[in-house]
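Numbering (this note's numbering), first residue to last: 550 to 830.
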C-alpha cells in the first residue's frame, strides 16, 4: 500500500511551488534570500522592532539566515496575515474574530511573563482593544504536522513547592490539564498543550480581560483531524476556563474576512488566497 503523503512535506512543496510561480528565489531548504522576499509587503518598522525584541532568531544575523525567511515559516504566515493591518482599520480583524470591541494595537512576538525566570510566553500576535483587553494568537502552520514530545511536557518549575500556578490565577481547569501532563495521564496526540497552558498562565497574570486563540493551518487528512480532536478535548477538559480560549483555522478566518473587506484590500486578499488558501501544485 502506498504511504500517505506527509502533510509537512506537502506544505513545503506547495510553498516552494508558490515561490516559483511568484519569481522568488529559494535555497535548497526553501528559504528566501531576505525576509521581505517572503512577504506580501516589506516588513514594517514596527514588525522589525517586534521581531528584534522577540529574540527568537526570526530575522537572523549578517552570518545566518533568519527563520522568517523560510516559505513554510509560521511567523511569516502570521506576519503576512496581520502586519498589513497596522496602519488600517482593525475593525475587519475584530469582527472576523467575533470580538465586540475594535482592536487598537497589534504586536508580533510579544513576550508576557509567566512568573518564572526564563519562561516568558512568546505570543505570535497580540491584539489589544481600547479598554486594554487582550486577544492573543498562537499561530500554527507546520507545527501540528511535526511530532514533538515536548508538546505534552511541562517543566518541573511549574510545579515547584507544590504550587498550583494555574489555580492561583483563576484557571482551575487548566490546572487539571497541567497535572495530567505532569503525570503523563493525558489523551493528547499532536496538540502543543504545554504551550497553550503556558500562554494562558501568562495572560491570566496580566490582570485584564483576555482570550487566547489557537489559529492553525488545516491540511485536512488524519493528522489535521487528530489536531482538531485534541483541541476539542482540551476545550472540554479545561471546563469553565474555555471562556478564555478559542480555536480557528486560517482557512476559516479567510472566509470570514473575505465577507468583510472592500475592494481596496483586493491585492492583499489575492495574495493570501493564492499562497495559503487555494490548493495549487
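Every residue, glycine too, gets a C-beta built ideally from N, C-alpha and C.
Helix, strand or coil for residue i, going by three-state DSSP, please let me know.
i           : result
residue 688 : strand
residue 655 : strand
residue 675 : strand
residue 619 : strand
residue 643 : helix
residue 796 : strand
residue 683 : strand
residue 613 : strand
residue 697 : coil
residue 590 : coil
residue 555 : coil
residue 560 : helix
residue 807 : helix
residue 830 : Legend: pLDDT at residue 830 = 42, less than 50; position of this residue unreliable, value from coordinates given subsequently. It is coil, neither helix nor strand.
By a C-beta neighbour count over all protein chains shown, 10 Å radius and 16 as the cutoff for buried, is residue i buried or exposed?
i           : result
residue 618 : buried
residue 811 : exposed
residue 781 : exposed
residue 745 : buried
residue 740 : buried
residue 623 : buried
residue 658 : buried
residue 663 : buried
For residue i, list the residues DSSP reports as bridge partners.
i           : result
residue 661 : 670
residue 581 : 575
Taking residue i as the reference, give the member of the options with the closest Cα.
i           : options               : result
residue 679 : 667, 694 and 649      : 649
residue 580 : 595, 561 and 593      : 561
residue 714 : 752, 565 and 659      : 752
residue 824 : 685, 588 and 696      : 588
residue 796 : 686, 557 and 576      : 686
residue 651 : 642, 558, 722 and 702 : 642
residue 636 : 662, 595, 555 and 606 : 595
residue 807 : 793, 822, 794 and 798 : 822
Task: Start-end ranges of the alpha helix (DSSP H) lying completely within the segment 700–784, minimum 4 residues - done: Listed in chain order, they are 714–717, 721–732 and 742–753.
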